[in-house]
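Written out below as structure tokens is the structure these notes cover.
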């Protein structure tokens, strides 16, 4: 009887705590959503007048107070897609090794600790690393390749972490059934585990693209330049990029106030570009989940 009475007393208390915590979660989500809406509204209200066909299809002119941002758009796409093409295979392979092959122990713990620490390193540090290693030591110069490699190194921890979580979410019964039917461990990973974990892996790729497309510090040392009117023709060309272009217009331009609408317009295009890349990946991920 005493245990039943204690249980009856504890239940209302748990419900109250649960209600309070869920309320805090809802408030936090609402604050984040409101902040996002406010930022987008601010950019749309101040930047939509600058966006037109000329703005999207021409290079900057007259000390970047006129013209458009086409080289910046192309440069941002090249850097973002290049970073993902570099980081995704390496990140997924690393996660497969850590989760499927590596034996638990001190070395694996140290590797995971290093990955977690890399995820918290400021982007400017990756920029200085890219400048010292890719640009100077490997003599790539300021180029698309150096910038993509730097951004790829920066997004690796995110991709490895998301891929490991996706692999852990695959039930062990899938692996046991495949091995029981005579498949090798690699065949099990390639034909069973990876297809099941692919939606989660794509989540890591989405986060990686978002971070790579919006970074300024890494590319200002390795890939982006103040101004170049021509589009890139080689991975060793220097380029313009949307984040660095916004920084230049807002801080280093000759007529900062005159370019204020262009600053907001460029920021709005960057957000739309990142959301567009994310939307494509999200739709593809949803399609894969429906097939399952």
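In the working numbering, the protein residues as written are 1208 to 1499.
C-beta: ideal position from N, C-alpha, C; glycine also.
Option in the options with minimal Cα separation from residue i
i, options, result
"residue 1420", "1288, 1305, 1242, 1443", "1288"
"residue 1364", "1484, 1290, 1431, 1393", "1290"
"residue 1372", "1311, 1273, 1405", "1405"
"residue 1249", "1497, 1408, 1475, 1479", "1475"
"residue 1296", "1438, 1225, 1422, 1359", "1359"
"residue 1293", "1313, 1380, 1412, 1219", "1412"
"residue 1452", "1491, 1267, 1218", "1267"
"residue 1430", "1341, 1488, 1265", "1341"
"residue 1269", "1284, 1473, 1330, 1465", "1465"
"residue 1150", "1334, 1339, 1389", "What is shown of the chain runs 1208 to 1499, which leaves residue 1150 out entirely."
"residue 1391", "1492, 1221, 1307", "1307"
"residue 1284", "1220, 1304, 1439, 1265", "1439"
"residue 1256", "1282, 1330, 1473", "1473"
Alpha-carbon to alpha-carbon, residue j and residue i
i, j, result
"residue 1260", "residue 1252", "18 Å"
"residue 1258", "residue 1309", "52 Å"
"residue 1275", "residue 1263", "6 Å"
"residue 1435", "residue 1352", "17 Å"
"residue 1400", "residue 1463", "53 Å"
"residue 1428", "residue 1278", "18 Å"
"residue 1254", "residue 1245", "14 Å"
"residue 1381", "residue 1375", "12 Å"
"residue 1317", "residue 1332", "21 Å"
"residue 1356", "residue 1301", "17 Å"
"residue 1236", "residue 1343", "44 Å"
"residue 1337", "residue 1480", "25 Å"
"residue 1432", "residue 1272", "17 Å"
"residue 1409", "residue 1489", "8 Å"
"residue 1369", "residue 1385", "24 Å"
"residue 1218", "residue 1240", "33 Å"
"residue 1315", "residue 1403", "24 Å"
"residue 1321", "residue 1447", "32 Å"
Residue i classed as buried or exposed, judged by whether at least 16 other C-beta atoms fall within 10 angstroms
i, result
"residue 1367", "buried"
"residue 1229", "exposed"
"residue 1450", "buried"
"residue 1299", "buried"
"residue 1484", "buried"
"residue 1383", "exposed"
"residue 1232", "exposed"
"residue 1387", "exposed"
"residue 1396", "buried"
"residue 1224", "exposed"
"residue 1354", "buried"
"residue 1226", "exposed"
"residue 1486", "exposed"
Minimum Cβ-Cβ distance from residue i to chain D less than 7 Å
i, result
"residue 1290", "Of the chains in the structure shown, none is chain D; there is only one protein chain."
Where residue i sits in the DSSP three-state scheme
i, result
"residue 1389", "coil"
"residue 1267", "strand"
"residue 1258", "coil"
"residue 1474", "helix"
"residue 1446", "strand"
"residue 1294", "helix"
"residue 1376", "coil"
"residue 1488", "helix"
"residue 1226", "helix"
"residue 1274", "strand"
"residue 1465", "coil"
"residue 1431", "strand"
"residue 1345", "coil"
"residue 1325", "helix"
Do the stretch 1444–1461 and the stretch 1469–1486 make contact, defined as three or more Cβ pairs closer than 8 Å?
-> Yes: the two stretches touch, three or more of their Cβ pairs being nearer than 8 Å.
Would you check if there are 3 or more beta carbon pairs closer than 8 Å linking the stretch 1407–1418 to the stretch 1320–1329?
-> Short answer: they don't touch.
Taking 8 Å as the threshold, find out whether the stretch 1346–1354 comes into contact with the stretch 1430–1447 through three or more Cβ pairs.
-> Enough Cβ pairs lie closer than 8 Å, so yes.
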